[in-house]
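K.L.:
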Amino acid sequence: MKDLYVDDLAEETGKLFQNWAWKNLNMDAMVTQYMCSHLRENIDKRYARFCTQSWNDMDRQFQAVEGTTAYDPLLCDWLGYFYTYLQQHTGKSSRAIIQQYPFEFMYVKSNVLHDLDMDLAIERWVGHEKNNMLP
């Protein structure tokens, strides 16, 4: 069955991550906080009330953690999409995904992956994971 929320959810998550990067927040702490949150747990279950929130509505639910490292807002936006589509593709919880693939690790990998079509990036990532050969 087609996931009716995934595309809009990926877009809003990308905007959320991009906004945090523009604010120079601690992206590792913020993304981990988000992926392990009650909000994201309900999004993973695809409850409409949670899946239809805008990025700024989501943002208001999190305590800002100031950062000292500058992140590329476009890569952070892409990672918001990637984490959302990876969760949808694998069926794993967002909590499990961020524990397995921490933000800092994925941010470095995104320099290569973001040039690929999203479906191809997900397929390659999942394929490499199965063979224990992460890109």
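With the numbering used here applied, the sequence shown corresponds to residues 102 to 236, in that order.
Here a beta-carbon is modelled for each residue, glycine too, at the ideal position from N, C-alpha and C.
Note that the coordinates shown come from a computational prediction; the quantities given were computed from them, not determined experimentally.
Over the uninterrupted alpha helix (DSSP H) stretch that includes TYR208, give me the two end residues.
P.N.:
Taking the sequence shown and counting its residues from 1, the one referred to as residue 208 is at position 107. Element bounds for TYR208: 204 to 214.
K.L.:
So, with DSSP's three-state summary, where would you put LEU117?
P.N.:
Your numbering for residue 117 matches position 16 in the sequence shown. In the structure shown, LEU117 sits in a helix (DSSP, three-state: H, G or I).
K.L.:
At 3 residues or longer, and completely inside the region 142 to 230: list those beta strand (DSSP E) runs for me, N to C.
P.N.:
As far as the region 142 to 230 is concerned, it has no whole beta strand (DSSP E) run of at least 3 residues.
K.L.:
At the level of alpha carbons, what is the spacing between TRP121 and LYS210?
P.N.:
For this step, residue 121 is matched to residue 20 along the sequence shown. For this step, residue 210 is matched to residue 109 along the sequence shown. So the alpha carbons of these two residues sit roughly 19 Å apart.
K.L.:
Which residues does DSSP pair with ILE126 in a beta bridge?
P.N.:
By 1-based counting over the sequence shown, the position of residue 126 is 25. Contrary to the premise, residue 126 reads as Leu rather than Ile in this sequence. BP columns for LEU126 point to GLU167.
K.L.:
Smallest Cα separation from ILE144: which of TYR184, ILE223, ALA171 and THR170?
P.N.:
Position 43 of the sequence shown, counted from the start, is the residue given in the question as residue 144. Per the C-alpha coordinates, the member of TYR184, ILE223, ALA171 and THR170 positioned closest to ILE144 is TYR184.
K.L.:
Does the distance from the CB of SER195 to the CB of MET131 come in under 8 Å?
P.N.:
For the purposes of this step, residue 195 is taken as the residue at position 94 of the sequence shown. For the purposes of this step, residue 131 is taken as the residue at position 30 of the sequence shown. No; because the gap between Cβ atoms is not below 8 Å, this pair is not in contact.
K.L.:
Rounded to whole angstroms, what's the CA-CA distance from CYS177 to GLU112? Just pull it up for me.
P.N.:
The count along the sequence shown starts at 1 and reaches residue 177 at position 76. The count along the sequence shown starts at 1 and reaches residue 112 at position 11. About 12 Å.
K.L.:
Drop a sphere of 10 angstroms on the beta-carbon of ARG150, count the other beta-carbons inside from all chains shown, and report buried for 16 or more, exposed for fewer.
P.N.:
Numbered from its first residue, the sequence shown carries residue 150 at position 49. Exposed, since its Cβ has fewer than 16 Cβ neighbours within 10 Å.
K.L.:
Taking all protein chains shown into account, decide if ALA222 is buried (16 or more other Cβ within 10 angstroms of its Cβ) or exposed.
P.N.:
Locating residue 222 in the sequence shown gives position 121, where the first residue counts as 1. Answer is buried; the Cβ neighbour count reaches 16.
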